[in-house]
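Everything below concerns the one structure shown next.
Numbering (this note's numbering), first residue to last: 265 to 509.
Next up, the structure:
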């Protein structure tokens, strides 16, 4: 499945292609549990590959990587437990699996950079710093010197400390990643929905926003991101099994 054209007209997303072309790492910050964000990345892969992208990075525990890649290559009958026993936060969904399959078909490497059991993660700063280390280590090993596109929660994807209720959740994964890769361009795009629903916390939840007719991109000073992509409607993600409580 690819992203719906009515939500991403080519002229609206041209600045996104321009941003990708001048970046070494491009991260999409999402509200977990929508179909649209992984579908967006899937739909961009052909163009991203032309621009030199060679890796897909996901906020999935790093110990799930080998099982996920083996499944996507047809070496295992089922994906790893992150998807067969999904958590209630909406990340382990079918749309991400489709995105992974498409990336593997294109010859891309898969990076899974969330913390695994045993890595310190009780504090926000610990988890995000270790996510950045995991990302950097896997990229150096699997696709050194190649561009990578990724997806993570939009609090992790902030490059600068934004004002508001979550200002204390700092430093972020993206900020730590930029610090570890000071000579490279790390860009992030926050994906914001205006209507619809997303799956998180074990249920579909409504999006409350001002309706818009079509997608648009803009810079927003206080977002903490390179750009903000506004999309009209969110659709709840779907799963291989009911997310556990």
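No residue lacks a Cβ here, since even glycine has one placed at the ideal position from N, Cα and C.
Cα-Cα separation, residue i to residue j
{"i": "residue 467", "j": "residue 293", "result": "20 Å"}
{"i": "residue 461", "j": "residue 370", "result": "31 Å"}
{"i": "residue 390", "j": "residue 487", "result": "22 Å"}
{"i": "residue 269", "j": "residue 404", "result": "Per-residue confidence for residue 269 stands at a pLDDT of 35, beneath the threshold of 50, marking its modelled position as unreliable; the derived number appears in the next sentence. Approximately 35 Å between the Cα atoms of the pair."}
{"i": "residue 419", "j": "residue 432", "result": "11 Å"}
{"i": "residue 479", "j": "residue 339", "result": "38 Å"}
{"i": "residue 381", "j": "residue 477", "result": "43 Å"}
{"i": "residue 352", "j": "residue 459", "result": "21 Å"}
Beta-carbon gap between residue i and residue j smaller than 8 Å
{"i": "residue 444", "j": "residue 319", "result": "no"}
{"i": "residue 415", "j": "residue 305", "result": "yes"}
{"i": "residue 375", "j": "residue 346", "result": "no"}
{"i": "residue 343", "j": "residue 379", "result": "no"}
{"i": "residue 288", "j": "residue 411", "result": "yes"}
{"i": "residue 302", "j": "residue 362", "result": "yes"}
{"i": "residue 299", "j": "residue 505", "result": "no"}
{"i": "residue 377", "j": "residue 321", "result": "yes"}
{"i": "residue 357", "j": "residue 499", "result": "no"}
{"i": "residue 365", "j": "residue 336", "result": "yes"}
Opening and closing residue of the beta strand (DSSP E) in which residue i lies
{"i": "residue 383", "result": "That residue, residue 383, is in no beta strand (DSSP E); it is neither H nor E in DSSP."}
{"i": "residue 469", "result": "467-470"}
{"i": "residue 456", "result": "450-464"}
{"i": "residue 430", "result": "No beta strand (DSSP E) contains residue 430, which DSSP labels as neither H nor E."}
{"i": "residue 498", "result": "491-498"}
{"i": "residue 416", "result": "411-417"}
Buried/exposed call for residue i, threshold 16 Cβ in 10 Å
{"i": "residue 359", "result": "buried"}
{"i": "residue 507", "result": "buried"}
{"i": "residue 387", "result": "exposed"}
{"i": "residue 447", "result": "exposed"}
{"i": "residue 472", "result": "exposed"}
{"i": "residue 354", "result": "buried"}
{"i": "residue 278", "result": "exposed"}
{"i": "residue 496", "result": "buried"}
{"i": "residue 482", "result": "exposed"}
{"i": "residue 456", "result": "buried"}
{"i": "residue 314", "result": "exposed"}
{"i": "residue 286", "result": "exposed"}
{"i": "residue 465", "result": "exposed"}
{"i": "residue 282", "result": "exposed"}
**Message:** Taking contact to mean 3 or more Cβ pairs, one atom from each stretch, closer than 8 Å, check whether the stretch 483-493 and the stretch 449-458 are in contact.
**Reply:** Cβ pair count under 8 Å is three or more, so yes.
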